[in-house]
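**Student:**
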Amino acid sequence: MPQYPAGTVRALLSTDLVTPATRAALEARLVSAAGYEPQFFDPATYALLEAVAARIFPQPDRETPIALTPAIDQRLLAGTADGWRYDAMPPDREAFRLGLGGINQAAQAQFQQVFTALDEARQDAVLEQLAAGNAAGENWQQLPQSRFFEDLLAELTEIYYAHPLAQEEIGYVGMADVPGWQRLGLNETEDREPTEVKL
Amino acid sequence: MPEEEVLEESVLNPVKPEIQDPLLQALLAESAALDAAPTEQELPDLLPNPVEEVDCVVIGTGAGGAPLLARLAMAGLKVVALEAGPRRNPARDYATDEKAQSFLFWNDERLSAGQSPVAFGKNNSGTGVGGSTLHYTAYTPRAHANDLTLHRDFGQGVDWPFGIEELEPYYEELEHFLGVSGPTPYPWNPSRRKGYPLAPLPLNGAAQLMQRACAQLGIQTSPAANAALSARYYQEGIGWREACTNRGFCQAGCNRGAKASMDVTFLPLAESYGAEIRADAFVTEIERDEQGRVTGVVYEQYGQTVRQRCRHLFLCAGAVETPRLLMLNELALSSGHVGKNFMAHPGMQVWGTFPEDIRPYKGIPGGLISEDTHRPKNADFAGGYLLQSIGVMPVTFATQMVRQRKLWGQALRDYMRSYNHMAGINILGDCLPHAANFLELAEEKDARGLPKPRLHFTAQENEQRMNRHAEKLMRQIWEAAGARDIWAFERYAHVIGTARMGLSGDDAVVNPEGRAFDVPNLYICDNSVFPSALSVNPALTIMALSLRTADKFLASLR
Ligand SMILES: Cc1cc2nc3c(=O)[nH]c(=O)nc-3n(C[C@H](O)[C@H](O)[C@H](O)COP(=O)(O)OP(=O)(O)OC[C@H]3O[C@@H](n4cnc5c(N)ncnc54)[C@H](O)[C@@H]3O)c2cc1C
Ligand code: SF4
């Protein structure tokens, strides 16, 4: 699995290889979300969402994990959408209410505890059931669980890979596009493209 | 289980339980203020400036609206375009960042129903001065003559009410006006009279891999035609446009003006001839007189309701909003076909991981094409498709990938670490109309209080057969290229056919000139009028129809 050196994207952002608009967008995401107070979810539900997000994107390698849940809280508060929704799903706020409640129901059914009280292995077991469409819980009678899992996974994925440090992790430096790219072909890279490090 | 109760009660944490959408709240507050307004006699005119009647109003400034706007303005008519989305300055406002450009997409919620629900938003439609061309991949193949005759050739679908010779002069004009880069000669269209004005753009890693493998398998390939400049180009009404710098970001906005989106081509041309473009203007009503002629439109702009009167209306709002506006206004419904015949191009993708360093973010995304599958010999389906290499940005790739593969946890992060080693191929293929595929108004309302559109789509036998054929072939190509971990993503894109064109008002909404059968001064021009889906990307053909509609209209005035 390719590994890329750390610090490359931050270094690029301080150069004039990045346009001001791009730099502004990425730097805003680098600001730490530590101590974020949820405004849409109540604290207990927000903690549950955080716990789920931490299993979908485990980040044991990071001192400060990339925060994924503030963006969801803010989006639901603002009532904005991304242009579409499965007709089989209720409106987003209702889907989160039923879905997060359903995750706790599934945790209770499997391990007789709420999700946040479980260890990581058991949390993963609950999410595996959900992903496979086998989670227990009455909320899932009103909410198609595979669609809920898919939507949640897609939203977290979008937030994660929009983060400059996640982009650095996969060796993406498309943001440094001011000069354009001349070396496009197979195995052709330019100086500003970090190469894989051998572990 | 106390926690659950807490959850049930308080997840929504409602400020106001009934209406939580802030925009909707604001709108309701406004209308409450109006309700409390004075009695009839003193009632102020709620619709400022109904003053002037213009020759033509054009709703929407995308591939369908912009070319005809320019044509009408150049003929000396007084024209106004109303565009729901904003006007931006690409050089200043467009970050090379997927999320920062989400304002380019039509993000009002649409409901996707059926067995193959279609993704909208960034998968499908744009907004702003320039419409969806602001973020199209600028991939501009011409339709083939037999794309217009599926019924004649296969006994399925319907034929276009005219032949390709009606579109060819416009294709030629467009390729030269927009500055399309492409190969000359073009291998699959020997009848072209002229070559492309610019040489093809360079091939990126994915395109090179596909080229190599197809050569082994005996499949002919060629660099694709793209409406992006491979060299500086002079354009009437605009001046010099700069060449593409291979920044691979066409699926969002181009900050260089190298991609031929409408905001750097037809719209400045239209404005140089006196057309007026009003941004942030969302049309809600189309008004008529007793005879059923359109007299004007009503739109919302910056919280105001404005009326614009017109002699002729051109509805170019895209294949969801056009039928939605017709339904909301109970207009042009006599055929019963508004919202019917919804088609979406099969756009199956096949991805693989390669030992080579590919860097999918560089180079024009749609670099290499093959049209050898236009009418495959051993096919068990009607129509055909084309093959195309894909470049992709990380967020788009990752979100589509998880929807298909459902990878999560460490496996997801591990997989994505190989992003620089991934390459994809996709198809774009024909689709047949089917009774199960249609658009309707839902009961659920949007922030404006208007019903949301619901689109039903289920891939039918023909689409499924085409997908199977294509998946097998694309897997062979990637195997020959040395990929491992090959996977396929079944997807559908482009909204087509919801107000189709035909010879009779019994089964079509507009006539071959683009005029509504049952409203004498209403024209429709966008992806909704296509009688069949075509086996090629739609934008160039939409623009060709747009110029043709304008010319037919101008001729009718004489
Ligand atoms: C990511 C992506 C890549 C694509 N790549 C290609 C490609 O490579 N090649 C290709 O040929 N096609 C491509 N397409 C498709 C192409 O962009 C569209 O088919 C084409 O632009 C549709 O043209 P249209 O005129 O029908 O609608 P649009 O271009 O969408 O224009 C409709 C306009 O109407 C406005 N509008 C809607 N409702 C209202 C209202 N009530 N009041 C006022 N204004 C309104 C909208 O804001 C919009 O600006 C791509 C699309 C996407 C999403
Ligand atoms: S690849 Fe070229 S045309 Fe596309 S966005 Fe970049 S500069 Fe513009």
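First to last, the protein sequences are chains L and D.
Sequential numbering from 5 applies to the first sequence in our numbering.
Sequential numbering from 3 applies to the second sequence in our numbering.
Just so it is clear, CB atoms sit at the ideal spot from N, CA and C, and this is done for glycine as well.
Have a look at Thr375(D) and Pro514(D) and give me their C-alpha separation to the nearest angstrom.
**Tutor:** Start at 1 with the first residue of the second sequence, and residue 375(D) comes out as number 373. Start at 1 with the first residue of the second sequence, and residue 514(D) comes out as number 512. If I take the Cα positions, the gap works out to 29 Å.
**Student:** Along the region 347-377 of chain D, what residues have a CB closer than 8 Å to any CB found in chain L?
**Tutor:** Residues Glu358, Asp359, Ile360, Arg361, Tyr363, Lys364 and Gly365.
**Student:** Exposed or buried, Ser193(D), counting other C-beta atoms within 10 Å across all chains shown (16 or more means buried)?
**Tutor:** Walking along the second sequence from the start, residue 193(D) turns up at place 191. It counts as exposed.
**Student:** With a threshold of 7 Å on Cβ separation, who are the neighbours of Arg27(L) within its own chain once the five nearest residues in sequence on each side are excluded?
**Tutor:** Taking the first residue of the first sequence as 1, we reach residue 27(L) at position 23. Same-chain partners within the cutoff: Leu17.
**Student:** One question on the structure: do Gly207(D) and Ala425(D) come within less than 8 Å of each other, judged by their Cβ atoms?
**Tutor:** On the second sequence, residue 207(D) is found 205 positions in, with the first residue counted as 1. On the second sequence, residue 425(D) is found 423 positions in, with the first residue counted as 1. Result yes, Cβ atoms of Gly207(D) and Ala425(D) sit closer than 8 Å.
**Student:** Output yes or no for whether 8 Å exceeds the beta carbon distance between Pro202(D) and Gly181(D).
**Tutor:** Numbered from 1 along the second sequence, position 200 holds the residue referred to as residue 202(D). Numbered from 1 along the second sequence, position 179 holds the residue referred to as residue 181(D). The answer is no: Cβ separation not under 8 Å.
**Student:** For ligand 2, list every residue whose C-beta falls under 6 Å from any of its heavy atoms, going in chain order.
**Tutor:** Those residues are Ala230(D), Cys246(D), Thr247(D), Asn248(D), Arg249(D), Gly250(D), Phe251(D), Cys252(D), Cys256(D), Arg258(D), Ala260(D), Lys261(D) and Ile366(D), given in chain order.
**Student:** Under a CB-based cut-off of 8 Å, is Ala262(D) close to chain L?
**Tutor:** Stepping through the second sequence from its first residue, residue 262(D) is reached at position 260. Cβ-Cβ to chain L under 8 Å: no for Ala262(D).
**Student:** With a threshold of 8 Å between beta-carbons, can Ile76(L) be considered close to chain D, or not?
**Tutor:** The residue labelled residue 76(L) in the question sits at position 72 within the first sequence. Cβ-Cβ to chain D under 8 Å: no for Ile76(L).
**Student:** For Glu55(D), does the count of other Cβ atoms within 10 angstroms reach 16, so buried, or fall short, so exposed?
**Tutor:** Walking along the second sequence from the start, residue 55(D) turns up at place 53. Burial call: exposed.
**Student:** Report the residues of the region 424-444 of chain D with a CB closer than 7 Å to any CB of chain L, ordered along the chain.
**Tutor:** Listed by position along the chain: nothing, the set is empty.
**Student:** Classify Arg560(D) as buried or exposed, calling it buried when 16 or more other Cβ atoms lie within 10 Å of its own Cβ.
**Tutor:** Against the second sequence, residue 560(D) aligns to sequence position 558. Label assigned to Arg560(D): exposed.
**Student:** At a cut-off of 7 Å, would you count Trp108(D) as near ligand 1, judging by its Cβ distance to the nearest heavy atom?
**Tutor:** By 1-based counting over the second sequence, the position of residue 108(D) is 106. At least one heavy atom of ligand 1 is nearer than 7 Å to the Cβ of Trp108(D), so yes.
**Student:** Taking only heavy atoms of ligand 1 into account, decide whether any of them is closer than 7 Å to the Cβ of His137(D).
**Tutor:** Within the second sequence, the letter at position 135 stands for residue 137(D). Checking every heavy atom of ligand 1 against the Cβ of His137(D), one is found closer than 7 Å.
**Student:** So for Gly106(L), helix, strand or coil by DSSP?
**Tutor:** As a working mapping, residue 106(L) is identified with position 102 in the first sequence. In the structure shown, Gly106(L) sits in a helix (DSSP, three-state: H, G or I).
**Student:** With 16 as the cutoff for other CB atoms within 10 Å, does Asp181(L) come out buried or exposed?
**Tutor:** Indexing the first sequence from 1 puts residue 181(L) at position 177. So Asp181(L) ends up on the buried side.
**Student:** Name the DSSP beta bridge partners of Arg525(D), please?
**Tutor:** Looking up residue 525(D) in the second sequence gives position 523. A small fix is needed here, since residue 525(D) is Tyr in this sequence, not Arg. Answer is Phe316(D) and Arg517(D).
**Student:** Could you tell me the distance, in whole angstroms, from the CA atom of Asn380(D) to the CA atom of Tyr236(D)?
**Tutor:** Position 378 of the second sequence, counted from the first residue, corresponds to residue 380(D). Position 234 of the second sequence, counted from the first residue, corresponds to residue 236(D). Approximately 45 Å between the Cα atoms of the pair.
**Student:** For Asn138(L), go through chain D and note every residue whose CB falls closer than 9 Å to its CB, in chain order.
**Tutor:** Against the first sequence, residue 138(L) aligns to sequence position 134. What Asn138(L) touches in chain D: nothing, since even the nearest Cβ is about 13 Å away.
**Student:** Tell me whether Asn539(D) sits in a helix, a strand or coil according to DSSP, three-state version.
**Tutor:** In the second sequence, counting from the first residue as 1, residue 539(D) sits at position 537. Here Asn539(D) sits in coil by DSSP.
**Student:** State the Cα-Cα distance for the pair Ser337(D) and Arg326(D), rounded to the nearest angstrom.
**Tutor:** As a position in the second sequence, residue 337(D) is number 335, starting the count at 1. As a position in the second sequence, residue 326(D) is number 324, starting the count at 1. Using only the alpha carbons, I get a separation of about 15 Å.
**Student:** Please report whether the beta-carbon of Gln213(D) lies at a distance below 8 Å from any beta-carbon of chain L.
**Tutor:** Taking the first residue of the second sequence as position 1, residue 213(D) is located at position 211. Not closer than 8 Å to any Cβ of chain L, the Cβ of Gln213(D) fails to qualify, so no.
**Student:** Between Gln186(L), Thr23(L), Thr120(L) and Asp77(L), which has its C-alpha nearest Cys246(D)'s C-alpha?
**Tutor:** To locate residue 246(D), count along the second sequence from 1; it is residue 244. Closest by alpha carbon: Gln186(L).
**Student:** Measuring only the C-alpha atoms, how far is Thr199(L) from Asn343(D)?
**Tutor:** Position 195 of the first sequence, counting from 1, holds the residue named residue 199(L). Position 341 of the second sequence, counting from 1, holds the residue named residue 343(D). So the alpha carbons of these two residues sit roughly 50 Å apart.
**Student:** Whose C-alpha, out of Gly484(D), Val497(D) and Gly130(D), is nearest the C-alpha of Glu358(D)?
**Tutor:** Within the second sequence, the letter at position 356 stands for residue 358(D). That would be Gly484(D), whose Cα lies nearest to the Cα of Glu358(D).
**Student:** Quick one: measure Cβ to Cβ for Val352(D) and Ile427(D), integer angstroms, because I've assumed they're closer than 8 Å.
**Tutor:** The residue labelled residue 352(D) in the question sits at position 350 within the second sequence. The residue labelled residue 427(D) in the question sits at position 425 within the second sequence. Sure, about 5 Å apart at Cβ, within 8 Å.
**Student:** So with CB distances below 7 Å, who are the chain D contacts of Arg59(L)?
**Tutor:** Working through the first sequence from its first residue, we reach residue 59(L) at position 55. The contacting residues are Gly411.
**Student:** Give a yes or no on whether the C-beta atoms belonging to Thr297(D) and Glu287(D) are separated by under 8 Å.
**Tutor:** Here residue 297(D) refers to the residue found at position 295 of the second sequence. Here residue 287(D) refers to the residue found at position 285 of the second sequence. No, Cβ-Cβ distance for Thr297(D) and Glu287(D) is not below 8 Å.
**Student:** Please list, in chain order, the chain L residues whose beta carbon lies closer than 9 Å to that of Gly123(D).
**Tutor:** Mapped onto the second sequence, residue 123(D) falls at position 121. Within chain L, the residues near Gly123(D) are Ala85, Asp86, Gly87 and Trp88.
**Student:** Leaving out five residues before and five after Arg486(D) in sequence, what residues of the same chain have Cβ atoms less than 6 Å from its Cβ?
**Tutor:** For the purposes of this step, residue 486(D) is taken as residue 484 along the second sequence, with counting starting at 1. For Arg486(D), where only same-chain residues beyond five positions count, the Cβ hits under 6 Å are Thr355.
**Student:** Identify every run of the alpha helix (DSSP H) within the region 75-148 of chain D, keeping only runs that are complete inside it and at least 4 residues long; order them along the chain.
**Tutor:** Correct list: 92-95.
**Student:** Can Gly87(D) be considered in contact with ligand 4, in the sense that its beta carbon sits closer than 7 Å to one or more heavy atoms?
**Tutor:** Looking for ligand 4 in the displayed structure turns up nothing; the ligands present are ligand 1 and ligand 2.
**Student:** Identify whether Asp77(L) lies in helix, strand or coil by the three-state DSSP scheme.
**Tutor:** Translated into the one-based positions of the first sequence, residue 77(L) becomes position 73. DSSP places Asp77(L) in helix when its eight states are reduced to three.
**Student:** How should Pro88(D) be labelled, buried or exposed, when 16 other C-beta atoms within 10 angstroms of its C-beta is the threshold for buried?
**Tutor:** Counting from one through the second sequence, the residue named residue 88(D) turns up at place 86. Exposed: under 16 other Cβ atoms inside 10 Å.
**Student:** On the three-state DSSP scale, how would you describe Ile544(D)?
**Tutor:** Looking up residue 544(D) in the second sequence gives position 542. In this structure, Ile544(D) counts as helix in the three-state DSSP scheme.
**Student:** Taking only beta-carbon positions, decide if Gly11(L) is within less than 8 Å of chain D.
**Tutor:** Residue 11(L) sits at position 7 when you count from the first residue of the first sequence. Answer no: the Cβ-Cβ gap between Gly11(L) and chain D never drops below 8 Å.
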